[in-house]
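Asker: Under my numbering, the first residue of the sequence shown carries the number 4, and numbering increases by one thereafter.
The C-beta atom is built at its ideal place from N, Cα and C for all residues, glycine as well.
Nothing here was measured: the structure is a model prediction, and the numbers come from that model.
Okay, here's the structure, questions in a sec.
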Amino acid sequence: MRCTRTLNTTRPRGWNILYQDTTVSPVNSAQNLTVSSSAIRKMSWRILPLIGLAYLMAYMDRANVSFAAVQMNVDLGFSATVYGLGAGLFFAGYSLFEIPSNLVMLRFGPRRWIARIMATWGLISASMMFVETPMQFYVLRFLLGVAEAGFFPGVLFYLSQWFPAAWRGRAVSRFYIAVPLSTALMGLLAGWLLGLDGLLGLEGWQWLFLVEGLPAVILAGVVLWLLPDLPAQVSWLTPEEKNWVADTLQQDVVQSGASHSGFVHVLLNPMVVGLGAIMALDFACATGVSFSAPLLLMERTGWTVAEAGYLLAASGVVSSLLM
(Lines of atoms letter the chains of each structure in order from A; the text may use other names.)
(Lines give C-alpha, C1' and ligand atoms only; values in the text may rest on other atoms or scores of the structure.)
Protein backbone atom coordinates (compact mmCIF):
# COMPACT_ATOMS: atom_id res chain seq x y z
CA MET A 4 0.00 0.00 0.00
CA ARG A 5 1.32 3.44 -0.87
CA CYS A 6 1.46 5.71 2.15
CA THR A 7 0.99 9.43 1.92
CA ARG A 8 1.28 12.24 4.38
CA THR A 9 0.54 15.94 4.39
CA LEU A 10 3.44 18.27 5.12
CA ASN A 11 2.89 21.52 6.94
CA THR A 12 4.49 24.78 5.82
CA THR A 13 6.76 25.37 8.79
CA ARG A 14 10.53 24.85 8.63
CA PRO A 15 11.74 22.50 11.33
CA ARG A 16 15.43 22.82 12.18
CA GLY A 17 16.19 25.27 9.37
CA TRP A 18 15.06 23.07 6.50
CA ASN A 19 12.88 24.49 3.78
CA ILE A 20 9.83 22.23 3.29
CA LEU A 21 8.78 21.52 -0.24
CA TYR A 22 5.04 21.30 -0.25
CA GLN A 23 1.95 21.39 -2.37
CA ASP A 24 -1.68 21.78 -1.48
CA THR A 25 -2.14 18.06 -2.10
CA THR A 26 -0.48 15.14 -0.32
CA VAL A 27 3.18 14.30 -1.00
CA SER A 28 4.42 10.75 -1.14
CA PRO A 29 7.69 9.61 0.45
CA VAL A 30 8.96 8.77 -3.04
CA ASN A 31 8.42 12.34 -4.22
CA SER A 32 10.04 13.68 -1.05
CA ALA A 33 13.15 11.60 -1.76
CA GLN A 34 13.19 12.86 -5.34
CA ASN A 35 12.89 16.45 -4.14
CA LEU A 36 15.81 15.95 -1.76
CA THR A 37 17.94 14.56 -4.59
CA VAL A 38 17.04 17.44 -6.89
CA SER A 39 17.61 20.08 -4.21
CA SER A 40 20.98 18.66 -3.17
CA SER A 41 22.15 18.54 -6.78
CA ALA A 42 20.98 22.09 -7.50
CA ILE A 43 22.60 23.58 -4.39
CA ARG A 44 25.86 21.76 -5.09
CA LYS A 45 26.01 22.99 -8.69
CA MET A 46 25.15 26.58 -7.79
CA SER A 47 27.69 26.61 -4.98
CA TRP A 48 30.53 25.48 -7.22
CA ARG A 49 29.57 27.58 -10.23
CA ILE A 50 28.83 30.88 -8.48
CA LEU A 51 30.40 31.20 -5.04
CA PRO A 52 34.11 30.82 -5.98
CA LEU A 53 33.83 33.52 -8.65
CA ILE A 54 32.02 36.13 -6.58
CA GLY A 55 34.12 35.21 -3.55
CA LEU A 56 37.29 35.94 -5.52
CA ALA A 57 35.75 39.22 -6.64
CA TYR A 58 35.02 40.23 -3.05
CA LEU A 59 38.54 39.27 -2.00
CA MET A 60 39.86 41.74 -4.58
CA ALA A 61 37.35 44.38 -3.52
CA TYR A 62 38.41 44.26 0.11
CA MET A 63 42.09 44.13 -0.81
CA ASP A 64 41.83 47.17 -3.09
CA ARG A 65 40.05 49.23 -0.43
CA ALA A 66 42.45 48.30 2.39
CA ASN A 67 45.83 47.89 0.66
CA VAL A 68 46.49 51.58 1.30
CA SER A 69 47.37 50.51 4.85
CA PHE A 70 50.48 48.73 3.56
CA ALA A 71 51.20 51.29 0.84
CA ALA A 72 51.23 54.02 3.50
CA VAL A 73 54.43 52.57 4.97
CA GLN A 74 56.36 54.07 2.04
CA MET A 75 53.82 56.45 0.49
CA ASN A 76 53.46 58.67 3.55
CA VAL A 77 57.22 59.15 3.69
CA ASP A 78 57.74 59.65 -0.06
CA LEU A 79 54.88 62.14 -0.43
CA GLY A 80 55.17 63.77 2.98
CA PHE A 81 51.67 62.78 4.08
CA SER A 82 50.87 63.31 7.75
CA ALA A 83 48.77 60.93 9.80
CA THR A 84 45.88 63.36 9.38
CA VAL A 85 46.15 63.33 5.58
CA TYR A 86 46.36 59.55 5.51
CA GLY A 87 43.45 59.08 7.92
CA LEU A 88 41.19 61.49 6.04
CA GLY A 89 42.01 59.93 2.69
CA ALA A 90 41.47 56.40 3.97
CA GLY A 91 38.11 57.39 5.43
CA LEU A 92 36.86 59.24 2.34
CA PHE A 93 36.44 55.87 0.67
CA PHE A 94 33.45 55.23 2.91
CA ALA A 95 31.91 58.62 2.17
CA GLY A 96 31.67 57.76 -1.52
CA TYR A 97 30.70 54.19 -0.72
CA SER A 98 27.81 55.24 1.53
CA LEU A 99 26.43 57.95 -0.75
CA PHE A 100 26.25 55.74 -3.83
CA GLU A 101 25.38 52.38 -2.26
CA ILE A 102 21.62 52.59 -2.80
CA PRO A 103 21.73 54.34 -6.23
CA SER A 104 24.15 51.70 -7.48
CA ASN A 105 21.81 48.87 -6.54
CA LEU A 106 18.83 50.58 -8.13
CA VAL A 107 20.79 50.80 -11.37
CA MET A 108 21.72 47.13 -11.05
CA LEU A 109 18.05 46.21 -11.18
CA ARG A 110 17.90 47.89 -14.58
CA PHE A 111 21.05 46.44 -16.14
CA GLY A 112 21.15 43.05 -14.42
CA PRO A 113 23.62 41.69 -11.83
CA ARG A 114 26.15 40.23 -14.28
CA ARG A 115 26.79 43.42 -16.23
CA TRP A 116 26.60 45.74 -13.24
CA ILE A 117 28.89 43.68 -11.01
CA ALA A 118 31.40 43.49 -13.88
CA ARG A 119 31.18 47.28 -14.31
CA ILE A 120 31.76 47.84 -10.60
CA MET A 121 34.83 45.60 -10.65
CA ALA A 122 36.39 47.17 -13.73
CA THR A 123 35.88 50.68 -12.36
CA TRP A 124 37.28 50.05 -8.91
CA GLY A 125 40.24 48.12 -10.37
CA LEU A 126 41.21 51.01 -12.63
CA ILE A 127 40.84 53.58 -9.86
CA SER A 128 42.80 51.44 -7.41
CA ALA A 129 45.63 51.07 -9.91
CA SER A 130 45.49 54.83 -10.56
CA MET A 131 46.46 55.41 -6.94
CA MET A 132 50.04 54.86 -8.12
CA PHE A 133 49.94 58.33 -9.71
CA VAL A 134 49.07 60.19 -6.50
CA GLU A 135 51.38 63.11 -5.71
CA THR A 136 49.33 65.50 -3.55
CA PRO A 137 46.89 65.16 -0.66
CA MET A 138 44.02 66.41 -2.85
CA GLN A 139 44.69 63.73 -5.46
CA PHE A 140 44.76 61.17 -2.68
CA TYR A 141 41.42 62.41 -1.33
CA VAL A 142 39.72 62.44 -4.73
CA LEU A 143 40.86 58.97 -5.74
CA ARG A 144 39.90 57.43 -2.41
CA PHE A 145 36.45 59.00 -2.65
CA LEU A 146 36.07 57.79 -6.25
CA LEU A 147 37.18 54.31 -5.23
CA GLY A 148 34.31 54.23 -2.75
CA VAL A 149 31.89 55.44 -5.42
CA ALA A 150 33.13 52.76 -7.82
CA GLU A 151 32.84 49.90 -5.33
CA ALA A 152 29.46 51.04 -3.98
CA GLY A 153 26.75 48.49 -4.53
CA PHE A 154 28.98 45.45 -4.87
CA PHE A 155 28.37 43.79 -1.49
CA PRO A 156 24.60 44.40 -1.23
CA GLY A 157 24.32 43.67 -4.94
CA VAL A 158 25.87 40.26 -4.42
CA LEU A 159 23.53 39.59 -1.49
CA PHE A 160 20.58 40.41 -3.73
CA TYR A 161 22.06 38.23 -6.46
CA LEU A 162 22.40 35.27 -4.09
CA SER A 163 18.77 35.72 -3.04
CA GLN A 164 17.79 35.02 -6.67
CA TRP A 165 19.58 31.67 -6.57
CA PHE A 166 19.70 30.20 -3.07
CA PRO A 167 16.48 29.51 -1.13
CA ALA A 168 16.34 30.91 2.40
CA ALA A 169 17.27 27.64 4.11
CA TRP A 170 20.59 27.54 2.23
CA ARG A 171 21.27 31.25 1.79
CA GLY A 172 23.04 31.81 5.10
CA ARG A 173 25.62 29.16 4.30
CA ALA A 174 26.12 30.61 0.82
CA VAL A 175 26.68 34.10 2.23
CA SER A 176 29.16 32.84 4.82
CA ARG A 177 31.18 31.09 2.12
CA PHE A 178 31.18 34.31 0.11
CA TYR A 179 32.12 36.42 3.14
CA ILE A 180 35.15 34.28 3.92
CA ALA A 181 36.88 36.36 1.24
CA VAL A 182 37.40 39.17 3.79
CA PRO A 183 39.91 37.40 6.07
CA LEU A 184 41.46 35.71 3.05
CA SER A 185 42.10 39.15 1.53
CA THR A 186 43.91 40.15 4.71
CA ALA A 187 46.06 37.04 4.43
CA LEU A 188 46.87 37.74 0.79
CA MET A 189 47.67 41.41 1.43
CA GLY A 190 50.01 40.46 4.24
CA LEU A 191 51.85 37.90 2.14
CA LEU A 192 52.24 40.24 -0.84
CA ALA A 193 53.12 43.43 1.03
CA GLY A 194 56.78 42.74 1.71
CA TRP A 195 57.45 41.52 -1.83
CA LEU A 196 55.65 44.37 -3.59
CA LEU A 197 57.14 47.12 -1.44
CA GLY A 198 60.50 45.45 -2.00
CA LEU A 199 60.21 46.27 -5.71
CA ASP A 200 61.08 49.87 -4.79
CA GLY A 201 63.04 51.44 -7.66
CA LEU A 202 62.18 48.80 -10.28
CA LEU A 203 61.48 50.51 -13.63
CA GLY A 204 61.60 53.84 -11.86
CA LEU A 205 58.56 53.11 -9.69
CA GLU A 206 58.33 53.21 -5.92
CA GLY A 207 57.34 50.08 -4.04
CA TRP A 208 53.96 51.51 -3.04
CA GLN A 209 53.24 52.29 -6.70
CA TRP A 210 53.90 48.67 -7.62
CA LEU A 211 51.55 47.60 -4.83
CA PHE A 212 48.63 49.64 -6.17
CA LEU A 213 49.31 48.54 -9.76
CA VAL A 214 49.72 44.82 -9.11
CA GLU A 215 46.75 44.59 -6.74
CA GLY A 216 44.43 46.83 -8.78
CA LEU A 217 44.63 45.45 -12.32
CA PRO A 218 43.50 41.87 -11.53
CA ALA A 219 40.03 43.22 -10.70
CA VAL A 220 39.79 44.63 -14.22
CA ILE A 221 40.72 41.25 -15.69
CA LEU A 222 38.30 39.38 -13.44
CA ALA A 223 35.53 41.78 -14.48
CA GLY A 224 35.78 40.31 -17.98
CA VAL A 225 35.55 36.80 -16.54
CA VAL A 226 32.45 37.77 -14.54
CA LEU A 227 30.85 39.28 -17.62
CA TRP A 228 31.52 36.06 -19.50
CA LEU A 229 30.72 33.41 -16.88
CA LEU A 230 28.34 34.81 -14.27
CA PRO A 231 24.68 34.13 -15.18
CA ASP A 232 21.89 36.46 -14.11
CA LEU A 233 19.19 33.91 -13.29
CA PRO A 234 18.88 30.14 -12.82
CA ALA A 235 16.53 29.87 -15.80
CA GLN A 236 19.33 31.04 -18.13
CA VAL A 237 21.91 28.35 -17.41
CA SER A 238 22.44 25.02 -19.14
CA TRP A 239 24.13 23.32 -16.18
CA LEU A 240 20.89 23.02 -14.18
CA THR A 241 18.39 20.41 -15.30
CA PRO A 242 14.75 21.44 -15.92
CA GLU A 243 13.79 19.73 -12.65
CA GLU A 244 16.46 21.67 -10.75
CA LYS A 245 15.38 24.97 -12.30
CA ASN A 246 11.79 24.28 -11.35
CA TRP A 247 12.81 23.40 -7.81
CA VAL A 248 14.77 26.65 -7.41
CA ALA A 249 11.93 28.77 -8.81
CA ASP A 250 9.23 27.03 -6.76
CA THR A 251 11.20 27.11 -3.52
CA LEU A 252 12.11 30.78 -3.88
CA GLN A 253 8.45 31.56 -4.47
CA GLN A 254 7.48 29.56 -1.40
CA ASP A 255 10.00 31.57 0.63
CA VAL A 256 8.24 34.77 -0.41
CA VAL A 257 4.80 33.38 0.46
CA GLN A 258 5.90 32.00 3.83
CA SER A 259 7.72 35.19 4.83
CA GLY A 260 4.68 37.35 4.11
CA ALA A 261 7.01 39.89 2.47
CA SER A 262 5.53 42.88 0.70
CA HIS A 263 6.82 46.03 -0.98
CA SER A 264 7.31 49.03 1.29
CA GLY A 265 8.26 52.63 0.74
CA PHE A 266 11.89 53.74 0.98
CA VAL A 267 11.41 55.84 4.13
CA HIS A 268 9.32 53.11 5.76
CA VAL A 269 12.13 50.60 5.23
CA LEU A 270 14.79 52.96 6.61
CA LEU A 271 12.74 53.54 9.76
CA ASN A 272 12.05 49.86 10.34
CA PRO A 273 13.37 49.02 13.85
CA MET A 274 15.10 45.89 12.61
CA VAL A 275 16.87 47.82 9.83
CA VAL A 276 17.94 50.53 12.28
CA GLY A 277 19.16 48.00 14.84
CA LEU A 278 21.07 45.84 12.40
CA GLY A 279 22.48 48.95 10.73
CA ALA A 280 23.81 50.18 14.06
CA ILE A 281 25.43 46.81 14.76
CA MET A 282 26.97 46.78 11.29
CA ALA A 283 28.28 50.33 11.74
CA LEU A 284 29.97 49.47 15.04
CA ASP A 285 31.42 46.28 13.57
CA PHE A 286 32.82 48.14 10.57
CA ALA A 287 34.22 50.93 12.75
CA CYS A 288 36.25 48.42 14.77
CA ALA A 289 37.31 46.28 11.82
CA THR A 290 38.23 49.24 9.64
CA GLY A 291 40.23 50.89 12.39
CA VAL A 292 42.33 47.77 12.71
CA SER A 293 42.66 47.23 8.95
CA PHE A 294 43.90 50.73 8.17
CA SER A 295 46.26 51.14 11.13
CA ALA A 296 47.63 47.68 11.94
CA PRO A 297 50.69 47.62 9.61
CA LEU A 298 51.92 51.07 10.67
CA LEU A 299 51.29 50.44 14.37
CA LEU A 300 52.99 47.05 14.36
CA MET A 301 56.08 48.43 12.66
CA GLU A 302 56.20 51.47 14.95
CA ARG A 303 55.74 49.59 18.23
CA THR A 304 57.79 46.47 17.50
CA GLY A 305 60.43 47.58 15.03
CA TRP A 306 59.40 44.84 12.62
CA THR A 307 59.86 45.12 8.88
CA VAL A 308 56.80 45.47 6.66
CA ALA A 309 57.23 41.83 5.62
CA GLU A 310 57.20 40.65 9.24
CA ALA A 311 54.13 42.72 10.04
CA GLY A 312 52.50 41.40 6.88
CA TYR A 313 53.14 37.79 7.85
CA LEU A 314 51.52 38.30 11.25
CA LEU A 315 48.44 39.89 9.69
CA ALA A 316 48.36 37.13 7.08
CA ALA A 317 48.33 34.54 9.86
CA SER A 318 45.41 36.31 11.54
CA GLY A 319 43.54 36.24 8.23
CA VAL A 320 44.11 32.52 7.83
CA VAL A 321 42.90 31.80 11.37
CA SER A 322 39.79 33.95 10.84
CA SER A 323 39.04 32.10 7.61
CA LEU A 324 39.23 28.74 9.33
CA LEU A 325 36.95 29.84 12.16
CA MET A 326 34.21 31.37 10.01
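1. Keeping to the same chain, check which residues put their C-beta closer than 7 Å to that of Met63; ignore five residues upstream and five downstream.
2. Should Ile180 go down as buried or exposed, given a rule of 16 or more other Cβ atoms within 10 Å for buried?
3. What is the DSSP secondary structure of Thr37, reduced to helix, strand or coil?
4. Please give the ranges of any alpha helix (DSSP H) in the region 112-158, keeping only runs that are unbroken, at least 4 residues long and fully inside the region.
5. Run through DSSP, which three-state label would Ile180 get?
6. Only counting the same chain, and skipping five residues up and downstream in sequence, which positions put a Cβ closer than 6 Å to that of Val149?
7. In terms of residue numbering, what span does the alpha helix (DSSP H) encompassing Gly80 cover?
8. Could you spell out where the alpha helix (DSSP H) holding Thr304 opens and where it closes?
9. Along the chain, where does the alpha helix (DSSP H) that runs through Thr251 open and close?
10. Can you give the beta carbon distance from Pro113 to Tyr58, rounded, assuming they're within the 8 Å contact cut?
11. Tell me, to the nearest whole angstrom, how far the beta carbon of Met75 is from that of Trp208; I am working on the premise that it is less than 8 Å.
12. Just curious, the alpha helix (DSSP H) that Phe212 is in, first and last residue?
13. Give the straight-line distance between the Cα atoms of Ala309 and Ala193, rounded to the nearest whole angstrom.
14. For Arg44, is the classification buried or exposed, using 16 other Cβ atoms within 10 angstroms of its Cβ as the cut-off for buried?
Answerer: According to the structure data:
1. Counted from its first residue, the sequence shown places residue 63 at position 60. Counting only Cβ-Cβ distances below 7 Å, and skipping sequence neighbours, we find Ser185, Leu188, Met189, Glu215.
2. Translated into the one-based positions of the sequence shown, residue 180 becomes position 177. Classification for Ile180: buried.
3. Mapped onto the sequence shown, residue 37 falls at position 34. Reduced to three states, the DSSP call for Thr37 is helix.
4. 113-130, 137-151
5. Stepping through the sequence shown from its first residue, residue 180 is reached at position 177. Correct three-state label for Ile180: coil.
6. Here residue 149 refers to the residue found at position 146 of the sequence shown. Only Gly96, Phe100 meet the Cβ criterion.
7. The residue labelled residue 80 in the question sits at position 77 within the sequence shown. Run containing Gly80: none; DSSP gives neither H nor E here.
8. Within the sequence shown, the letter at position 301 stands for residue 304. Unbroken alpha helix (DSSP H) run through Thr304: 273-304.
9. Along the sequence shown, one-based indexing puts residue 251 at 248. Here the alpha helix (DSSP H) through Thr251 covers 242-259.
10. Taking the sequence shown and counting its residues from 1, the one referred to as residue 113 is at position 110. Taking the sequence shown and counting its residues from 1, the one referred to as residue 58 is at position 55. Going by Cβ atoms, the distance from Pro113 to Tyr58 rounds to 14 Å, so no, they are not a contact pair.
11. Locating residue 75 in the sequence shown gives position 72, counting from the first residue. Locating residue 208 in the sequence shown gives position 205, counting from the first residue. Going by Cβ atoms, the distance from Met75 to Trp208 rounds to 4 Å, so yes, they are a contact pair.
12. Along the sequence shown, one-based indexing puts residue 212 at 209. Residues 207-229.
13. As a first step, residue 309 is located in the sequence shown; it is residue number 306 there, counting from the start. As a first step, residue 193 is located in the sequence shown; it is residue number 190 there, counting from the start. So the two alpha carbons sit approximately 6 Å from each other.
14. On the sequence shown, position 41 is the one that residue 44 refers to. With fewer than 16 Cβ atoms within 10 Å of its Cβ, Arg44 is classed as exposed.
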